[in-house]
Amino acid sequence: MKTENAWKKYTDKKEIFDFCGAYKEFMSRCKTERECIAEMINMARKAGYRDLDEITAQGIELKPGDKVYANNMGKTLAMYIVGQEPMEKGMRILGAHVDSPRLDLKQNPLYEDTELAMMDTHYYGGVKKYQWVTLPMALHGVVVKKDGEVVQVVIGEKEDDPVVGISDLLIHLSGKQMQKNAAEVVEGENLDVLVGSIPLTDEEKEPVKAQILELLKEQYGIEEEDFLSAELEVVPAGPAKDYGLDRSMIMAYGHDDRVCAYPSFMAMLAQDKVEYTSVCLLVDKEEIGSVGATGMQSRFFENTTAEVMNAAGQYSELSLRRALKNSMMLSSDVSAAFDPNYPEVMEKKNSAYLGHGITFNKYTGSRGKSGSNDANPEYIARLRKVMEENQVAFQTAELGKVDQGGGGTIAYILANYNMEVIDCGVAVLNMHSPWEIASKVDIYEAYKGYCAFLKEM
Ligand code: MN
Ligand code: MN
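Using my numbering, the first residue of the sequence shown is number 1297, and each one after it goes up by one.
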């Protein structure tokens, strides 16, 4: 039952390094769900995908082989390649999420304290708060002005950009802090970002804050009230990097879950004519429960599939339900890689290992599989066969030892349509920390596995 190290399959590693080089660039550029979706729509359009809204507005009929995408509020993307078979025979769906843990600015974030300008945050997703202090941080997001103008903000990524950050207490005065348990060492309300310290000339009241507001007005044309309608995320600053002396891994912010979203997306771009309709679904809000209009629980995917079927002259309520029920899905999300520093939380036979290929998780959940989609063995058997036939390195795992903790994904939500779903994805170290680690060969095997799934399942 042992799995092989996937690197051994490759005498020439160029295809892996090339694929991962492009991923690294993507990760350096795209640090919010909006940035990911905008970039992917750009790439999809270049690859011949058309906007479903335009197709429906113009009454264009979709034919097998046609490629369309639907953009949901700039934060969720659904891509389709219409299959040769009628859609009611089922789709092959690759799903992943593009939101990642981070710190969001509050709606009223800016204040001055002891002549320092600070911004208040509320963290998003599950984070070990103590990991997010004393790091160079960048500000990414949008500010929407009252007239509807959307101002894009990215500060902290260019070579000569300033960065911001969150302070931590000096060790010399940390006697009390060091006695606290790790959940309380850094508290949520103490994750405020330091953004400035020069007072505005001739300003009496909060002159440092005034100086920052002046600067924002000058560079972005925004005023303090505009923070009310903004989505600004504080994320680790700087590019993704090769990791390890042998460059076998990538350190990046937001591998969870772009390390699955990107190969899913690229596998979709690699397809042309497909027997069954191919779908790539990249969603938002997974880290906070898949809620909201852009989360997996939204009706967006169902509605969009109805539109695609309608444009292809295949829609009826019953056909839509059959299309969903007869589908198969890979719900891709990161898995915990075995960490030699922390072997005690893992059960070695059922752990994911860096470099051993794409990971399949029959189930996730916690405390007796609670909250999990438990994939059917009949489905897993078919997947095994297709992965083996296509020389895709894969491994199986669960998230740590029984009763050690756990986690959830979007798998169970798609399974509500009565389709076959399994959790799979890429194993990472440092999950949910500012800088996560993934193996290049795993990323590439995931891509190959996704291609095989779309073509041959
Ligand atoms: Mn995830
Ligand atoms: Mn996560």
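All C-beta atoms in this analysis are idealised placements derived from N, C-alpha and C, irrespective of residue type, glycine included.
Are the CB atoms of residue i and residue j nearer to each other than 8 Å?
{"i": "Met1727", "j": "Val1630", "result": "yes"}
{"i": "Asp1538", "j": "Gly1653", "result": "no"}
{"i": "Phe1523", "j": "Asn1404", "result": "yes"}
{"i": "Met1625", "j": "Gly1391", "result": "yes"}
{"i": "Lys1621", "j": "Gln1380", "result": "no"}
{"i": "Gly1484", "j": "Tyr1419", "result": "yes"}
{"i": "Val1447", "j": "Lys1441", "result": "yes"}
{"i": "Cys1556", "j": "Ser1628", "result": "yes"}
{"i": "Ile1733", "j": "Val1724", "result": "yes"}
{"i": "Met1562", "j": "Ile1706", "result": "no"}
{"i": "Thr1352", "j": "Ala1607", "result": "yes"}
{"i": "Gly1703", "j": "Leu1710", "result": "no"}
{"i": "Gly1421", "j": "Pro1458", "result": "no"}
{"i": "Met1383", "j": "Ala1619", "result": "yes"}
{"i": "Met1544", "j": "Lys1744", "result": "For the sequence presented, residue 1544 should be read as Ser rather than Met. Not in contact: Ser1544 and Lys1744 (Cβ atoms no closer than 8 Å)."}
{"i": "Ala1602", "j": "Leu1616", "result": "yes"}
{"i": "Ala1742", "j": "Asn1686", "result": "no"}
{"i": "Val1283", "j": "Asp1464", "result": "Given that the chain is displayed from residue 1297 to residue 1753, the structure contains no residue 1283 and the question cannot be resolved."}
So, under 8 Å CB-CB, residue i and residue j are touching, yes? Tell me the CB distance rounded to an integer number of Å.
{"i": "Tyr1708", "j": "Ser1668", "result": "7 Å"}
{"i": "Glu1752", "j": "Val1641", "result": "About 36 Å separates the two Cβ atoms, so there is no contact after all."}
{"i": "Val1378", "j": "Thr1573", "result": "6 Å"}
{"i": "Asn1367", "j": "Ile1389", "result": "18 Å between Cβ atoms; not a contact."}
{"i": "Ala1302", "j": "Ala1689", "result": "4 Å"}
{"i": "Asp1488", "j": "Met1605", "result": "No, Asp1488 and Met1605 are not in contact; Cβ-Cβ is about 49 Å, not under 8 Å."}
{"i": "Tyr1365", "j": "Ile1337", "result": "6 Å"}
{"i": "Gly1444", "j": "Glu1527", "result": "Contact doesn't hold; Cβ gap of about 15 Å is too wide."}
{"i": "Glu1520", "j": "Leu1406", "result": "6 Å"}
Following a CB-centred definition, is residue i positioned closer than 7 Å to any heavy atom of ligand 1?
{"i": "Glu1582", "result": "yes"}
Using 7 Å as the cut-off, classify the Cβ of residue i as near or not near the heavy atoms of ligand 2, replying yes or no.
{"i": "Gly1702", "result": "no"}
{"i": "His1418", "result": "no"}
{"i": "Gly1696", "result": "no"}
{"i": "His1468", "result": "no"}
{"i": "Gly1421", "result": "yes"}
{"i": "His1652", "result": "no"}
{"i": "His1436", "result": "no"}
Going along the chain, which residues of its own chain have a beta-carbon closer than 6 Å to the beta-carbon of residue i, five neighbours each way excluded?
{"i": "Tyr1649", "result": "Phe1634"}
{"i": "Pro1639", "result": "none"}
{"i": "Glu1259", "result": "Here the chain covers residues 1297 to 1753 and nothing more, so residue 1259 does not appear."}
{"i": "Tyr1516", "result": "Val1447"}
{"i": "Tyr1740", "result": "Ile1312 and Phe1315"}
Grab me the residues of residue i's own chain with a C-beta within less than 7 Å of its C-beta, minus the 5 sequence neighbours each way, in chain order.
{"i": "Pro1754", "result": "In the structure as shown, the chain starts at 1297 and stops at 1753, and residue 1754 therefore has no counterpart that could be examined."}
{"i": "Pro1673", "result": "none"}
Cutting at 8 Å between CB atoms, please list the residues of its own chain near residue i, excluding the five before and the five after it.
{"i": "Lys1320", "result": "Pro1535, Ala1536, Lys1537, Asp1538, Ile1546 and Ala1548"}
{"i": "Leu1412", "result": "Leu1490, Gly1492, Ser1493 and Val1504"}
{"i": "Glu1582", "result": "His1393, Asp1395, Asp1553, Gly1591, Met1592, Asp1629, Thr1705 and Ile1706"}
{"i": "Ile1718", "result": "Met1625, Leu1626, Ser1627, Phe1656, Asn1657, Lys1658, Asn1669, Ala1671, Tyr1675, Ile1676, Leu1679 and Ala1707"}
Check your reading: residues with Cβ closer than 5 Å to ligand 1 heavy atoms | With the criterion CB distance below 5 Å from any heavy atom of ligand 1, the matching residues run Asp1552, Asp1553 and Asp1629 along the chain.
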